[in-house]
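All letters in the sequence shown, in the order written, are residues -24 to -1, 1 to 343 by mature numbering (1 follows the signal peptide of the UniProt record, and there is no 0). Even for Gly, the Cβ is constructed at its ideal location relative to N, Cα and C. Here the structure is laid out as structure tokens; the discussion comes afterwards.
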Amino acid sequence: MMLKKFGCISLFLVLFEFGNTASGNSLALEINELNNASEKYTPSKMDVGQDNLQQSNEFSGILTRIKTGLSETSSILKRNYNRYHKKRRFRRLGRFHGPRRLEFNSFIEQNTRVCRFPWSIDNFENIYAITPDKENSGWAMSPHQQCMRGTWCPYACKPGYYSAQWDPDAVSANGKGSTNGGLYCDEDGILQVPFPERPFCARGMGNVVVNNTLANPVSACQTVYPGNEAMIIPSTAHPRGSVDLNVVPKSYWLSTSCQFYVNPAGSTNNECIWGNSKQPLGNWGPYIFGTGQAADGHTYISVRYNPLYIQSGFSLKNTYNVKIACVAGFCNFPANNECKCENGACTLPNGCTVTLTNDAKAQFVLY
């Protein structure tokens, strides 16, 4: 899923301490360690939505993003593709003192061709880090893949949110550029944001949840698209609980939709991986869900059994059942006014689709 346009400045990791003081008190900004700054320049002001930007007079161009009541340090991202030619580089940038104490390194790797993942596990952007302890370092890529210079690097969002950044020049859903989601790691090792006016993760339609009535958790694994289409973005419904399922709006990249491979009962975020014919996880999970808003403004959601699950010899009667339930507004169901997959058979042979009109809401009920 992808679109168009670039805009603003280079962002570098900075260390600061948010004063734990009363309202109106100043923010204590502490730079612990800045190594090997090369060229200096003073960028102009930029608009980054709701964030307040405090610019250090001592270190021009180093910005700190400040949230109400809390502070966050992250790699500053270059937002104007051609505006600035001078780039400052820092090898290592000390420690962050705030609600938690973490060590950050610059996302510009000296002597390598890698752009590091710029967010912490606990962040304010609704970013979800995928296997941050592996080579992908949190990017929505396979564990052995790295975010290399000269490539696009997708990132994942938390349940109910979608990535609002992709290659503006990718205009074919199946051709060149269909893997170009997320941020661009340029030849200088600077991450570039194609749509600076957007958040990194935007709220989806918010009209579909997974309602798990089972005694064990179940994870729905969204494919990364635009990206490598690996089913590694998790939404886990805990026992007797529910979780938002991402439904992208019609403005999403090339009006594409979301696909989820739904794992067996007992699965968690950790099981959103490539499975195999002997391990019914991810691409081999028992169910496939689909969600998305069409050009007509209606939301379409679907459920079917996964053909790979069947072809691998797994029994459909040994898995749980799924039905789509309308919980608000008007939902248009297929024949018999139902859409379900139960005891090895779906309402229609190849699965079924339900239309959510206007402000309708629905659930995938696992039972």
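query	result
By Cβ distance below 6 Å, which residues in the same chain neighbour Asp162 in space, the five residues on each side in sequence not counted?	Gln168
Is Gly268 helix, strand or coil by DSSP?	strand
So within the segment 212 to 292, which uninterrupted beta strand (DSSP E) runs reach at least 3 residues, ignoring any that extend past its ends?	217 to 220, 234 to 238, 263 to 269, 275 to 281
Using CA atoms only, rank isn't needed, just tell me which of Cys177, Arg89, Lys316 is closest to Val223.	Cys177
Rounding to the nearest angstrom, what Cα-Cα distance links Gly266 and Val279 in this structure?	7 Å
Hey, out of Cys302, Pro310, Cys307, whose CA is closest to residue 344's CA?	Residue coverage of the chain in this structure runs from -24 to 343, which leaves residue 344 outside it and unanswerable.
Using 8 Å as the cut-off, can you tell me whether the segment 282 to 292 makes contact with the segment 250 to 266, which would need three or more C-beta pairs spanning the two stretches below that distance?	yes
Does DSSP put Asn192 in a helix, a strand or coil?	coil
Tell me which residues share the same chain as Leu324 and place their Cβ nearer than 7 Å to its Cβ, disregarding the 5 neighbours each side in the sequence.	Pro310
Could you tell me how far apart the beta carbons of Gln122 and Val90 are, in whole angstroms, since I believe they sit closer than 8 Å?	5 Å
Helix or strand or just coil, what does DSSP make of Asn313?	helix
Please name the residue in Val219, Ser118, Asp143, Asn312 whose C-alpha comes closest to that of Cys328.	Asn312
Just mark Asn150 as buried or exposed, buried being the case when its beta carbon has 16 or more other beta carbons within 10 Å.	exposed
Quick one: is Pro130 buried, meaning 16 or more other Cβ sit within 10 Å of its Cβ, or exposed?	buried
Pull up the distance between the alpha-carbon of Tyr228 and that of Asn102, whole angstroms please.	18 Å
Could you name the residues of the same chain whose beta carbon sits closer than 8 Å to that of Gly45, not counting the 5 residues immediately before and after it, in chain order?	The pLDDT assigned to Gly45 is 27, lower than 50, so where the model puts this residue is not dependable, and the model offers no usable value.
State the start and end residues of the unbroken beta strand (DSSP E) segment that holds Ser139.	137 to 139
Cβ atoms of Thr333 and Asn308: under 8 Å apart, would you say?	yes
Measure the alpha-carbon distance for Ala304 versus Ala321 and round it to whole angstroms.	26 Å
Can you find the residues in the same chain that come closer than 6 Å, C-beta to C-beta, to Asp220, ignoring five residues on each side of it along the sequence?	Pro135, Gly136, Val185
Taking residue 368 and Trp128 to be in contact with their CB atoms under 8 Å, please state how far apart those CB atoms are, rounded to whole angstroms.	Since the first residue of the chain shown is -24 and the last is 343, residue 368 is not available in this structure.
Which whole runs of the alpha helix (DSSP H) in the segment 157 to 206 are 4 residues long or more, in chain order?	none
Output the distance between the C-alpha atoms of residue 366 and Asn183, rounded to the nearest integer angstrom.	No answer is possible for residue 366: it lies beyond the span of the chain, which begins at -24 and ends at 343.
Look at the alpha carbon of Ala154 and the alpha carbon of Pro215, and state the distance between them as a whole number of angstroms.	Sequence check: residue 154 is Ser here, not Ala. So the two alpha carbons sit approximately 36 Å from each other.
By the three-class DSSP mapping on this structure, what secondary structure does Lys54 have?	With a pLDDT of only 41 at Lys54, under 50, the local geometry of the prediction cannot be trusted, and no value is derived from it.
Within 10 angstroms of the Cβ of Ser113, are there 16 or more other Cβ atoms? Answer buried if so, exposed if not.	buried
Using the beta-carbon count (16 or more within 10 Å), is Ser243 buried or exposed?	buried
Please name the residue, chosen from Lys152, Arg174, Asp143, Glu173, that lies closest to Leu159 on a Cα-to-Cα basis.	Asp143
Just to check my reading of the structure: Ala338 and Ile264 have Cβ atoms closer than 8 Å, yes? What is that Cβ distance to the nearest angstrom?	Their Cβ separation, rounded to whole angstroms, is 17 Å, which puts Ala338 and Ile264 out of contact at 8 Å.
For Pro225, which residues from the same chain have a beta carbon less than 8 Å from its beta carbon, with the 5 sequence-adjacent residues on both sides left out?	Gly180, Met181, Gln269
Do you know whose CA, among Leu190, Gln235, Ile209, lies nearest Ser218's CA?	Leu190
How many angstroms separate the CA atom of Pro262 from the CA atom of Asp164?	44 Å
Return helix, strand or coil for Asn294, following the three-state DSSP convention.	helix
Would you kindly work out how many angstroms separate the C-alpha atoms of Tyr237 and Phe306, rounded to a whole number?	27 Å
Pull up the DSSP beta-bridge partners for Trp142, would you.	Gly157
Which of helix, strand or coil does DSSP assign to Ser82?	A caution first: Ser82 carries a pLDDT of 43, below 50, which makes its placement in the model unreliable, though a value can still be read off. Coil.
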